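Below is one structure, written out as structure tokens; the observations come after it.
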Amino acid sequence: MMNAQLVGLSREVALRRELDVIANNLANMNTNAFQAERVAFEDYLMPRAEASAFQHRDHDVAFVQDWATYRDTQPGAREMTGNELDVALSPGGYLTVETPQGIRYTRDGALQINNQGQLVTQSGHPVISLGGTPILFTPADSDITITGTGQITTNAGGRGTLQLVSFASEQTLEKVGYNLFAAPEVADPDPSVRLTQGVIETSNVQPVREMSRLVEVQRAYEMQSNMLRQSDQMRQEAIRLLGRLS
0 MMNAQLVGLS
10 REVALRRELD
20 VIANNLANMN
30 TNAFQAERVA
40 FEDYLMPRAE
50 ASAFQHRDHD
60 VAFVQDWATY
70 RDTQPGAREM
80 TGNELDVALS
90 PGGYLTVETP
100 QGIRYTRDGA
110 LQINNQGQLV
120 TQSGHPVISL
130 GGTPILFTPA
140 DSDITITGTG
150 QITTNAGGRG
160 TLQLVSFASE
170 QTLEKVGYNL
180 FAAPEVADPD
190 PSVRLTQGVI
200 ETSNVQPVRE
210 MSRLVEVQRA
220 YEMQSNMLRQ
230 SDQMRQEAIR
240 LLGRLS
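In terms of numbering that gives the first Met the number 0, the sequence shown has 210 at position 211, counting the first letter as 1, and numbering is strictly consecutive.
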């Protein structure tokens with residue numbers, strides 16, 4: 000009976016974790032280039048001594064374990080904005096960003112120019128050029144053009160080329176907030192990455208799918224809670240009856 004409660008509790012903890020992930024997906028359904036997260040589950044067999052030589056051998060006890068979360072790396076829909084500083088990257092491509100914590104990467108192409116004339120992300124982090132330096136504009140610059148390879152020009156000439164990178168496995172990237180990712184090591188420029196000016200990539204979260212899954216997980220969580228409550232009542236009743244017999 001105790002095993003039943005522990006197995007049920009492990010399932011309840013895993014469902015709670017999945018609820019948190021779904022809630023985070025829904026909260027970011029309007030975040031540019033946000034990639035939905037999923038939870039990976041597996042059985043965990045309890046290591047123990049067991050008697051298997053009898054007619055009715057001991058049964059395996061399997062717990063539920065949420066061992067990882069992973070990102071759905073399918074790109075979101077593209078939305079035309081007409082903003083000359085907005086860019087959408089090809090699948091697997093990332094912009095290189097400089098932060099106080101070091102080099103970071105993002106697919107959020109909603110860029111802007113700050114008071115110092117630097118090209119920055121919406122959170123104010125400078126976007127890095129191929130030379131490893133920020134991209135600077137002057138107050139007189141206009142007619143900004145960004146080519147498919149990331150080369151930036153204005154009416155006054157070139158302003159640099161965006162450092163575009165990709166990764167063999169995007170799942171190795173770690174989310175660090177502000178729509179940024181940290182990589183295990185600094186990535187080299189990838190000339191195969193392409194971008195489109197005047198377009199923004201939206202979140203790949205599918206609200207209907209997430210809401211349906213949210214309802215399913217909530218119902219499963221409530222059902223599991225009821226089962227644990229009933230199991231606890233059975234244990235209390237067994238203790239009461241055994242105490243009366245003694």
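Even glycine gets a Cβ: it sits at the ideal position worked out from N, Cα and C.
All values derive from a computational prediction rather than experimental measurement.
For the region 90-99 and the region 7-19, state whether three or more C-beta atom pairs, one from each stretch, are separated by less than 8 Å.
-> Judged by Cβ distances under 8 Å, the region 90-99 makes no contact with the region 7-19, as fewer than three pairs qualify.
Using 10 angstroms around the beta-carbon of V192, count the other beta-carbons present and answer buried if the total reaches 16, otherwise exposed.
-> Taking a 10 Å sphere around the C-beta of V192, we find 16 or more other C-beta atoms and assign the residue as buried.
Report back the beta-carbon spacing between L129 and T120 to the nearest angstrom; my notes put them in contact at under 8 Å.
-> Their Cβ separation, rounded to whole angstroms, is 18 Å, which puts L129 and T120 out of contact at 8 Å.
Distance, Cα to Cα, R144 vs G197?
-> The sequence as given places Thr at residue 144; Arg does not occur at that position. In a straight line, the C-alpha of T144 is about 10 Å away from that of G197.
Please determine, among Q232, M222, T153 and S122, the residue with the shortest C-alpha to C-alpha distance to V10.
-> Per the sequence shown, residue 10 should be read as Arg rather than Val. Ranked by Cα distance from R10, the first of Q232, M222, T153 and S122 is M222.
Of the residues T105, I134 and R106, the one placed nearest I112, counting alpha carbons only = Of the candidates T105, I134 and R106, the one whose C-alpha sits nearest the C-alpha of I112 is I134.
Residue of G157, L194, A35 and G147 minimising C-alpha distance to R70 | Answer by Cα proximity: A35.
Own chain, CB closer than 7 Å to T72, minus 5 neighbours either side, in chain order | Around T72: Q34 and E169.
Buried or exposed for Q235, please, with buried defined as at least 16 other CB atoms from any protein chain shown within 10 angstroms of its CB.
-> That one is exposed.
Residue environment, R106, which counts as buried when at least 16 other CB atoms sit within 10 Å = R106 sits buried, since 16 or more C-beta atoms from the chains shown fall within 10 Å of its C-beta.
If L194 sits next to G149, beta carbons under 8 Å apart, how far is it from one beta carbon to the other, in whole angstroms?
-> Their Cβ separation, rounded to whole angstroms, is 6 Å, which keeps L194 and G149 in contact under 8 Å.
What does DSSP give as the partner residues of F180 in its beta bridges?
-> Partner residues in the beta bridge of F180, as assigned by DSSP, are Y104 and K174.
Who are the near neighbours of G116 in its chain, counting only those whose CB is closer than 7 Å to its CB and skipping five residues on each side?
-> Cβ-Cβ distances below 7 Å link G116 to L135, F136 and T137 in the same chain, with the five nearest sequence neighbours on each side left out; the list follows chain order.
Residue(s) in a DSSP beta bridge with A39 = Per DSSP, A67.
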